[in-house]
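Okay, structure first, notes after.
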Amino acid sequence: MDSINAILLGIVQGITEFLPISSSAHLILAPLFAGWQDQGVAFDLAVHVGTLFAVLLYFRKDVKELTRDGLLSLQHRQCVGQGKLAFFIMVATIPAVLAGLLLMDLIDNQLRSVAIIFATTLFFGLLLGWADWKPNKQRQLDDLKFKDVLFIGVAQAVALIPGTSRSGATITMALLLGLSREASSRFSFLLAIPITALASAAKLIDVAQSNASVDWLAFLIGGITSFLMALTAIHFFLKWLNQFGMWPYVIYRILLAGLIYFFFLT
């Protein structure tokens, strides 16, 4: 992989990982549109690590409080500070972990087709638009209940299907449960930390067990690029959230589905 490819794919991953438009779909589609070879597991690891560092840096204060209060809550066996939210993040991570362990072969081998990506891009884009259009979205993170985080966790598990979008699915479910845009987005971003860390660890094991050589220059370029672009994407997503809502991403997904259909399915 040359440096230009690494930069472009790093940009794609960094922008799409935390926006509700599906990073997995874009990483599958980008080589198809450009006529490149698949980037491989090692490069996927690099860009995932980059986006993980980005969300950890951006929400470093939240991560520090959640970690501290979560550990104190375990130690004292009662909720301390943000301990309840830390517990809910862990609970919401479990469905995706179980789905990944049980169904990843099915997802990797049978659900990465262009037809699946077209359907999920369009359907879950329209669902996001409907959830954002619905009124009565006033609940905050302090109002979360156990059943809420289970529903959001199941949505994150469904998002393992390419084209669905992890952030899109979790934000959509949170909106449908009555959370505000800000609360839905914040919970989705915080929820990204454990699942991205686990996904990176799984890819690291794959790289360690494979005999393929690692292009360390492409690894470094892709990781740094995805890190910088993810920081930018998170910042502007949150900045423009109240002004534009989710509809720019809904429209983008509809247009992307149209391009997929025109170029690959006709």
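Numbered according to the working numbering, the sequence shown spans residues 13 to 278. Virtual Cβ for every residue (Gly too), placed ideally from N, Cα, C.
Query	Result
Own chain, CB closer than 6 angstroms to Met-258, minus 5 neighbours either side, in chain order	Leu-140 and Asp-144
Beta-bridge pairing of Arg-151 - partner residues as DSSP gives them	Leu-191
Environment of Lys-215 [buried if 16+ CB atoms lie within 10 Å]	buried
Glu-77, DSSP secondary structure in three states	helix
Beta strand (DSSP E) runs wholly inside the segment 78–155, at least 3 long, in chain order	none
Limits of the alpha helix (DSSP H) - the one that Asp-160 falls within	158–170
Which of helix, strand or coil DSSP assigns to Ile-173	coil
Simplified DSSP state of Thr-278, which is helix, strand or coil	coil
Cβ pair Ile-183, Ala-104 closer than 7 angstroms	no
Simplified DSSP assignment, three categories, for Asn-223	coil
Given 8 angstroms, three or more beta-carbon pairs between the segment 151–168 and the segment 85–103	yes
Segment contact flag, the segment 61–77 with the segment 217–228, C-beta cutoff 8 angstroms, min 3 pairs	no
Contact under 7 angstroms by Cβ, Leu-31 with Ala-245	yes
Alpha carbon of Ala-230 to alpha carbon of Asn-17, nearest angstrom	8 angstroms
Best match in Leu-191, Val-75, Glu-29 and Leu-114 for proximity to Arg-279 [C-alpha to C-alpha]	Nothing in the structure corresponds to residue 279, since the chain is present only between 13 and 278.
Environment of Thr-278 [buried if 16+ CB atoms lie within 10 Å]	exposed
Inter-residue CB distance, Ala-108 and Ala-169 (contact presumed, cutoff 8 angstroms)	4 angstroms
Beta-carbon contacts of Leu-123 that lie in its chain and below 8 angstroms, excluding the five residues immediately before and after	Ile-173 and Pro-174
Under 7 angstroms between C-beta atoms of Ala-98 and Leu-78	yes
The alpha helix (DSSP H) enclosing Ser-15, as first and last residue numbers	15–28
Leu-243 and Ala-66 closer than 7 angstroms at C-beta	yes
Short CB-CB distance (under 7 angstroms) between Leu-21 and chain B	The structure shown contains no chain B; it holds only a single protein chain.
Any non-hydrogen atom of the ligand HEM within 6 angstroms of Gln-90 CB	As for the ligand HEM, it is missing from this structure, which has no ligand bound.
Option in Gly-235, Phe-136, Lys-76 and Ala-127 with minimal Cα separation from Ser-34	Phe-136
Local conformation of Ser-34 per DSSP, three classes	coil
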